[in-house]
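Using this note's numbering, read the sequence shown as starting at 607 and increasing by one per residue. Using N, Cα and C, we set each Cβ at its ideal position, and we do this for glycine too. Contents: one structure, followed by commentary.
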Amino acid sequence: MESVYLETTVISYLVARPSRDLLVAAHQQTTQDWWTDRRNKFECCISQVVIDEASAGDPAEVTKRMTAIQGLPVLALVDEAKVLTQAILATGVIPPRAVRDAAHMAVAAVHEIDYLLTWNCKHLANARIMRKMTLVCETLGWRLPVMCTPEELMED
607 MESVYLETTV
617 ISYLVARPSR
627 DLLVAAHQQT
637 TQDWWTDRRN
647 KFECCISQVV
657 IDEASAGDPA
667 EVTKRMTAIQ
677 GLPVLALVDE
687 AKVLTQAILA
697 TGVIPPRAVR
707 DAAHMAVAAV
717 HEIDYLLTWN
727 CKHLANARIM
737 RKMTLVCETL
747 GWRLPVMCTP
757 EELMED
């Protein structure tokens, strides 16, 4: 069974109040459909980075996010992931303020996860960034997971 690392934006879209923004509302619906119809086709996991991000903000929303991720396996932030995070940041492709985005990539890579599921298309599900990050990971002996949106994992 293929593995999927659930980045925090997926969890946020899953439990958030319906948006009035049509694109965001569509992403929320796609996320809910994926969660209901496709999630069980994969071994899903998170990391402490996801827990930290999901734990921040409005208490009512935090409760919903934490309930959604309850029981999911938590990947350890091992030393190799810390080294890879720093290597990713050293490229300058991911800005220092987005260290958690680099950490999501690194944790998923060192744990040999197949897919990193996200709605973060600025730093994660971004073809130009993926191309550069693939080289960084391969140089250090790791394989970057396919970073994609729930929409891309909806096939039958």
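Looking at C-alpha atoms only, which residue of the options is the closest neighbour of residue i?
i: Tyr721; options: Ile657, Met672 and Thr755; result: Thr755
i: Val752; options: Leu730, Leu746 and Glu761; result: Leu730
i: Trp725; options: Leu620, Gly677, Gly663 and Thr740; result: Leu620
i: Glu686; options: Gly698, His717 and Val668; result: His717
i: Met739; options: Glu757, Met760, Ala714 and Glu758; result: Ala714
i: Ile719; options: Ala733, Arg671, Arg749 and Asn646; result: Arg749
Between which residues of its own chain and residue i is the CB-CB distance below 7 Å, once the five residues before and five after are set aside?
i: Leu628; result: none
i: Val742; result: Ala693, Ile694 and Thr697
What does DSSP give as the partner residues of residue i in its beta bridges?
i: Glu649; result: Ser609
i: Cys754; result: Leu723
i: Leu681; result: Ser653
How about residue i and residue j: do their beta carbons lie closer than 8 Å?
i: Thr642; j: Val616; result: no
i: Val655; j: Arg703; result: no
i: Ala660; j: Thr614; result: yes
For residue i, which residues in the same chain have their Cβ closer than 6 Å to its Cβ, ignoring the five residues on either side in sequence?
i: Val612; result: The displayed chain sequence assigns Leu, not Val, to residue 612. Same-chain partners within the cutoff: Cys650, Ile652 and Leu723.
Could you give the residue range of the alpha helix (DSSP H) that holds residue i?
i: Lys688; result: Asp685 to Ala696
i: Arg623; result: Arg623 -> no alpha helix (DSSP H), and no H or E assigned at all.
i: Gln654; result: Gln654 to Ala660
i: His717; result: No alpha helix (DSSP H) holds His717; DSSP gives it neither H nor E.
Can you name, in chain order, every residue of its own chain whose Cβ lies under 8 Å from the Cβ of residue i, other than the five neighbours on each side?
i: Leu759; result: Val610, Trp640, Arg644, Phe648, Tyr721 and Leu723
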